[in-house]
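When we follow full-length UniProt numbering, the leftmost residue of the sequence shown carries the number 238, and every step to the right adds one. Following: one structure in structure tokens, then a few remarks.
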Amino acid sequence: SPPFDVNLVRRDFPILQERVNGKQLVWLDNAATTQKPKQVIDRITYFYEHENSNIHRAAHELAARATDAYEGARKKVQNFLNAGSINEIIFVRGATEAINLVAKTWGDQNLVADDEIVVSQLEHHANIVPWQQLAVKKGLKIKVIPVDDDGQIILDEYVKLLGPKTKLVSFTQVSNALGTVTPATQIVHLAHLTGAKVLVDGAQSVSHMPVDVQALNADWFVFSGHKVFGPTGIGVLYGKEELLNQTQPWQGGGNMIKDVTFEYTQYHDAPGRFEAGTGNIADAVGLGAAIDYVTRLGMPVIAQYEHYLLEYATHLIKEVKGIRLIGTAREKASVLSFVLDGYKTEEVGHALNQQGIAVRSGHHCAQPILRRFGVEATVRPSLAFYNTCAEIDLLVNTLHSLKR
Ligand code: PMP
């Protein structure tokens, strides 16, 4: 396999040198957000120093530079996801906005009373609440795919939920709360057999594994830039081109039109029709730089290293007295989620913070799946490719010392 030198990679991330409570930062909150390599930070600075302009409209040199940078970033996203066309890539604020866009356009325009939406028990609130809002408005039913005791979707139960009224299946490729990697391709295939459309939430998958939207064959795929080493405030909605062009836009304004009179507006085809107003140009360019960065490391190489790290961490953390690991599926990415006997999750988080270790403790915006396991909160270390075995050792030793 190609070489992966974690110490070399770490030098690209200035924040990893930060000190917290007198200790070197150990960033194990990657499921919440990821840190940014210098290449991304520098690219955004370069944009503001040399290219800044609004795009498309003005006919001057900087407008051309900004437009090239922005559309270049769109091309990078297309290649990253292996989308068939650049027109299938819509820039939005993040995964949350992308899901809301689909709910409030396609969902609102196509679903009628008694139609059914299937989600999984693993979903982040971002993939529950927009559908619930739509269900209330339209009189839809939401059905939930249960998971087994390891935190994996039960496919047999999923199949039983599918029927002629199923219009949409919306589920996550990787659970942010447990780390479960769902059998996404199979779930999409089964949904399509019943004629339902499918949205895949890639917020936790794109930073940990290669994603190919054509192989996955979902109708929509969403992710957030900030979880894949890019900036906040920028994310992506991928949608199949024909479907996007059959869907009416939600926001109206500049950039998204071909022609406007007081009587009638003709919209652009995708992606323009869904990008009303001035977008987050600089951060789209920053996302492009983040994609260049992980592409250069190689997503398969990243996946392989992280798999090794997760196995190492899982093996060691199981040895901590009184620990209950939640989410023990065979296929997992990045996340360890646990409760520690005799301690509140925030007490564990605080003790780790004293050692400079950043983890999330709480419900992770995924309350239903935690309740499935009888807890309201967990401690959640989550890994990225810049983490090391030494950092895992520090985490586990701190947990051991708590139990002493
Ligand atoms: N889905 C999943 C699985 C997530 O982990 C997150 C972020 N925690 C989201 C959606 C929402 O992403 P954002 O807050 O960046 O819009």
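We put the beta carbon where it would ideally sit given N, CA and C, even for glycine. As the structure is a computational prediction, the values presented were derived from the model and not from experiment.
Query raised in the report: What is the DSSP secondary structure of I278, counted as helix, strand or coil?
Result: Along the sequence shown, one-based indexing puts residue 278 at 41. DSSP places I278 in helix when its eight states are reduced to three.
Query raised in the report: DSSP on F622, reduced to helix/strand/coil?
Result: Reading the sequence shown from its first residue, position 385 is the one you call residue 622. The answer is coil: DSSP assigns F622 none of H, G, I, E or B.
Query raised in the report: So, using beta-carbon positions, are A414 and G564 closer together than 9 Å?
Result: Residue 414 sits at position 177 when you count from the first residue of the sequence shown. Residue 564 sits at position 327 when you count from the first residue of the sequence shown. In this structure, G564 lies closer than 9 Å to A414 by Cβ.
Query - K569: CB within 8 Å of a non-hydrogen atom of the ligand PMP - result: Position 332 of the sequence shown, counted from the first residue, corresponds to residue 569. Checking every heavy atom of the ligand PMP against the Cβ of K569, none is found closer than 8 Å.
Report task. Using the beta-carbon of each residue, find all residues closer than 5 Å to any heavy atom of the ligand PMP and list them in chain order. Result -> G331, A332, T333, H361, A363, T409, N413, D438, A440, Q441 and S461
Requested in this report: Quick one: grab the DSSP three-state call for E479.
Outcome: Counting from 1 along the sequence shown, the entry for residue 479 is found at position 242. Of the three classes helix, strand and coil, the one that applies to E479 here is helix, per DSSP.
Query - Local conformation of G472 per DSSP, three classes - result: Taking the first residue of the sequence shown as 1, we reach residue 472 at position 235. The answer is strand: DSSP assigns G472 an E or B state.
Requested in this report: Ignore the nearest five residues each way along the sequence and tell me which others in E255's own chain have a CB closer than 7 Å to its CB.
Outcome: Taking the first residue of the sequence shown as position 1, residue 255 is located at position 18. Answer for E255: L262, listed in chain order.
**Report entry** Cross-strand partners of I326 (DSSP beta bridge)
**Finding:** Your numbering for residue 326 matches position 89 in the sequence shown. Note: I326 sits in a beta bridge opposite Y475.
Query raised in the report: Under the three-state reduction of DSSP, which class applies to T409: helix, strand or coil?
Result: Along the sequence shown, one-based indexing puts residue 409 at 172. If DSSP states are grouped into helix, strand and coil, T409 belongs with the strands.
Query - Residue closest to W368, alpha-carbon to alpha-carbon, out of Y395, F499 and V406 - result: Here residue 368 refers to the residue found at position 131 when the sequence shown is read from its first residue. Of Y395, F499 and V406, the smallest CA-CA separation from W368 is found for V406.
Report task. Put A320 into one of helix, strand or coil per three-state DSSP. Result -> Position 83 of the sequence shown, counted from the start, is the residue given in the question as residue 320. Reduced to three states, the DSSP call for A320 is coil.
Query raised in the report: In whole angstroms, what is the alpha-carbon distance linking S238 and L636?
Result: The count along the sequence shown starts at 1 and reaches residue 238 at position 1. The count along the sequence shown starts at 1 and reaches residue 636 at position 399. Low confidence applies here, because S238 scores a pLDDT of 47, under 50, leaving its location unreliable; read the following figure in that light. Going from the Cα of S238 to the Cα of L636 covers about 33 Å.
Query raised in the report: If you run the structure through DSSP and keep just helix, strand and coil, what is Y501?
Result: As a position in the sequence shown, residue 501 is number 264, starting the count at 1. Reduced to three states, the DSSP call for Y501 is coil.
Query raised in the report: If you draw a straight line from the alpha carbon of residue 643 to that of N291, how long is it in whole angstroms?
Result: The structure shown does not extend to residue 643, since the chain spans only 238 to 641, so no value can be given for it.
Report task. My understanding is that T342 touches K464, with C-beta atoms under 8 Å, so please give their C-beta distance in whole angstroms. Result -> Here residue 342 refers to the residue found at position 105 when the sequence shown is read from its first residue. Here residue 464 refers to the residue found at position 227 when the sequence shown is read from its first residue. Wrong, their Cβ atoms sit about 24 Å apart, outside the cutoff.
Query raised in the report: Going by C-alpha distance, which of L480, P274 and G462 is nearest V473?
Result: Numbered from its first residue, the sequence shown carries residue 473 at position 236. For the residues L480, P274 and G462, the minimum Cα distance to V473 belongs to G462.
Requested in this report: Measure from the alpha carbon of D305 to the alpha carbon of each residue in H287, A320 and G321, then state which is nearest.
Outcome: For the purposes of this step, residue 305 is taken as the residue at position 68 of the sequence shown. Ranking the options by Cα distance to D305, first place goes to H287.
Report task. Assign Q358 to buried or exposed, taking buried as 16 or more other Cβ atoms, counted over all protein chains shown, within 10 Å of its Cβ. Result -> Residue mapping note: residue 358 aligns to position 121 of the sequence shown, counting from 1. The residue in question, Q358, is buried, as its Cβ has 16 or more Cβ neighbours within 10 Å.
Requested in this report: Name the one or two DSSP bridge partners that D266 has.
Outcome: Residue numbering aside, residue 266 sits at position 29 when the sequence shown is read from its first letter. Paired residues: S619.
Query - Residues bridged to D438 (per DSSP) - result: Position 201 of the sequence shown, counted from the start, is the residue given in the question as residue 438. D438 is bridged to T409 and V459.
Query raised in the report: Taking the DSSP output, what are the residues bridged to V355?
Result: To locate residue 355, count along the sequence shown from 1; it is residue 118. Per DSSP, K380 and V406.
Report task. For A550, name the three-state secondary structure that DSSP assigns. Result -> Position 313 of the sequence shown, counting from 1, holds the residue named residue 550. Helix at A550.
Requested in this report: Would you mind reading off the limits of the beta strand (DSSP E) that contains G259?
Outcome: As a first step, residue 259 must be located in the sequence shown, where it is residue number 22. For G259, no beta strand (DSSP E) segment is defined, and its DSSP state is neither H nor E.
Query raised in the report: For V522, which option in D456, F250, G559 and N289 has the closest C-alpha, if you only look at C-alpha atoms?
Result: As a position in the sequence shown, residue 522 is number 285, starting the count at 1. Just measuring C-alpha positions, the residue of D456, F250, G559 and N289 sitting nearest V522 is N289.
**Report entry** Among K260, A588 and I594, the one whose alpha carbon lies nearest that of I629
**Finding:** Taking the first residue of the sequence shown as position 1, residue 629 is located at position 392. Of the listed residues, the one whose Cα sits closest to I629 is I594.
Query raised in the report: Does the count of Cβ pairs from the segment 269-284 and the segment 473-491 closer than 8 Å reach three?
Result: At 8 Å Cβ cutoff, the stretches do not touch.
Query raised in the report: Taking DSSP as the reference, what is the three-state secondary structure of D305?
Result: Counted from its first residue, the sequence shown places residue 305 at position 68. Here D305 sits in helix by DSSP.
Query - Sub-9 Å separation of L253 and Y501 beta-carbons - result: Locating residue 253 in the sequence shown gives position 16, counting from the first residue. Locating residue 501 in the sequence shown gives position 264, counting from the first residue. No; because the gap between Cβ atoms is not below 9 Å, this pair is not in contact.
Query raised in the report: How many whole angstroms separate the CB atoms of I354 and L377, which I take to be in contact at a CB cut-off of 8 Å?
Result: What you label residue 354 is simply residue 117 of the sequence shown in a count that begins at 1. What you label residue 377 is simply residue 140 of the sequence shown in a count that begins at 1. Yes, they are in contact, since the Cβ atoms of I354 and L377 sit about 6 Å apart, within 8 Å.
Query - Which listed residue (T625, K402 and K640) has its alpha carbon closest to that of D242 - result: Taking the sequence shown and counting its residues from 1, one reaches residue 242 at position 5. Closest option to D242, Cα to Cα, is T625.
Report task. For A550, count neighbouring Cβ atoms within 10 angstroms of its own Cβ and tell me buried if that reaches 16, exposed if not. Result -> As a working note, residue 550 is residue 313 in the sequence shown. By the neighbour-count rule (16 or more Cβ atoms within 10 Å), A550 is buried.
**Report entry** Nearest-angstrom beta carbon gap, A372 and A332 [assumed within contact, 8 Å]
**Finding:** By one-based count along the sequence shown, residue 332 stands at place 95. By one-based count along the sequence shown, residue 372 stands at place 135. No, A332 and A372 are not in contact; Cβ-Cβ is about 20 Å, not under 8 Å.
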